[in-house]
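This report refers to the structure that appears directly beneath it.
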Amino acid sequence: MEKQPLVAIIIVTWNNQDEIRDCLDSIKRSNYEHHKVVIVDNASKDSTTEIIDQEYSEFDLIKNEKNSHFTGGNNIGFKYAIEKYNPDFLMKLNPDTIIDADVIHKLVQISQKDHLVGAVGPKIKFKGGKNDGKINSASLFYDNFHSAYDLGFGEVDQGQFNETKEVFAVTGTCILFRTEVIKKTGGFWEILKMYTDEVELLIRVHKLGWKVIYTGEVTVWHKYMKSTNQEHETNYDKLKMRNWLLIALRHYSIRDRLRMIRDYLKFIF
């Protein structure tokens, strides 16, 4: 039997004591055996690291002395996994998720069908709350300017997003990257910290000639906003608009940069 490609799963935690067991237990139930788990903790103040140390010692845990945010934390995990394990694939996974048993296998299988596939994302559904069982994301719509949103958000899942297809972007809740993609792009742009970070990275992925695939054949369950709603004082709209400006300055035409600067100034004033 041919050996499975090695997948390194990168999880960035920050005060996730209430969610981390469900996430890690779901990985342990996976039917894909050839994987490693690297957890990067962003200086949690709760019991997250104690839980991992005591109950999941088989997983690698990196304890940051300060919060490096989602982008910095994932890049630390990517670098560590590549240097220690040299995996074929790197899977970014939020700590407030639960993966179905066949998720990793399906994402790898799709990637192996075409060497130009650089990233694959599954269907994301809500876990808990008023939207329990409804769709969180079935890939991202991106208008090439400053709008990106989850397709299918809040819809009842009736199989309308079960297809597998090429898309521009998938949500950063769960993405399987070909390791070569992370090596060549350098991973996430850390200045963004969080929000729109996956869009910016996938812009670079496309520029280098890789494809991005969404599949609705497997599901990751997301306890929506659990990882981010702890920072109540953060002005998310302002952060997103700042990030769009930075993306424009890095990737857009002169005309669209000027349009974005105009929109940004209107927003802040």
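Using this note's numbering, you'd call the opening residue of the sequence shown number 1215 and step up by one each time. Backbone N, C-alpha and C define an ideal beta-carbon position, used for all residues, glycine too.
Alpha carbons only, please: which of the options is nearest the one belonging to residue i?
i	options	result
residue 1372	1430, 1407 and 1342	1430
residue 1438	1344, 1304, 1319 and 1315	1344
residue 1368	1246, 1331, 1436 and 1383	1436
residue 1260	1314, 1244, 1234 and 1410	1234
residue 1336	1329, 1295, 1303 and 1378	1378
In terms of residues, what are the limits of the alpha helix (DSSP H) holding residue i?
i	result
residue 1408	Where residue 1408 is concerned, there is no enclosing alpha helix (DSSP H), given that its DSSP letter is neither H nor E.
residue 1297	1283-1299
residue 1316	Careful: residue 1316 lies outside any alpha helix (DSSP H) and carries neither H nor E.
residue 1394	1393-1399
residue 1481	1468-1482
residue 1422	Note, residue 1422: premise wrong, no alpha helix (DSSP H); not H, not E.
Taking the C-alpha atoms as reference points, what is the distance between residue i and residue j?
i	j	result
residue 1286	residue 1346	30 Å
residue 1432	residue 1388	12 Å
residue 1393	residue 1458	26 Å
residue 1446	residue 1340	The predicted position of residue 1446 is uncertain, since its pLDDT is 45 and thus under 50; no value can be drawn from it.
residue 1444	residue 1425	Below a pLDDT of 50, predicted positions are generally treated as unreliable, and residue 1444, at 47, falls in that range; the measurement from the model is reported next regardless. Each residue's Cα considered, the two are about 34 Å apart.
residue 1451	residue 1217	46 Å
residue 1288	residue 1232	21 Å
residue 1241	residue 1481	42 Å
residue 1225	residue 1311	10 Å
residue 1247	residue 1269	19 Å
residue 1442	residue 1256	For residue 1442, the pLDDT reaches just 48, beneath the cut-off of 50, and the residue's location in the model is therefore unreliable, although a value from the coordinates is still provided. So the alpha carbons of these two residues sit roughly 13 Å apart.
residue 1352	residue 1416	16 Å
residue 1380	residue 1364	15 Å
residue 1230	residue 1324	31 Å
residue 1420	residue 1386	16 Å
Report the CB separation of residue i from residue j in whole angstroms; it is logged as a contact under 8 Å.
i	j	result
residue 1413	residue 1472	Actually they do not touch by this definition, with Cβ atoms about 20 Å apart.
residue 1238	residue 1273	7 Å
residue 1370	residue 1219	35 Å between Cβ atoms; not a contact.
Here's the rule I'm using: 16 or more other beta-carbon atoms within 10 Å means buried, otherwise exposed. How should residue i be labelled?
i	result
residue 1249	buried
residue 1423	exposed
residue 1391	buried
residue 1215	The pLDDT assigned to residue 1215 is 43, lower than 50, so where the model puts this residue is not dependable; a value taken from the coordinates is nonetheless given after this. Exposed, because fewer than 16 other Cβ atoms sit within 10 Å of the Cβ of residue 1215.
residue 1468	exposed
residue 1320	buried
residue 1456	buried
residue 1466	buried
residue 1315	exposed
Residue range of the beta strand (DSSP E) that residue i falls in?
i	result
residue 1457	It is not in any beta strand (DSSP E) - residue 1457 instead sits in the alpha helix (DSSP H) that spans 1450-1465.
residue 1370	Counting along the chain, residue 1370 falls outside any beta strand (DSSP E), and DSSP gives it neither H nor E.
residue 1249	1249-1255
residue 1205	Because residue 1205 is not part of the residues shown, which for the chain are 1215 to 1483, the question remains open.
residue 1428	1425-1436
residue 1307	1303-1307
residue 1377	Premise fails: residue 1377 is in no beta strand (DSSP E) and is neither H nor E.
Just to confirm, does residue i get its C-beta within under 7 Å of one of the non-hydrogen atoms of the ligand PLP?
i	result
residue 1356	For the structure depicted, the ligand PLP is absent and the ligand set is empty, with no information on it obtainable.
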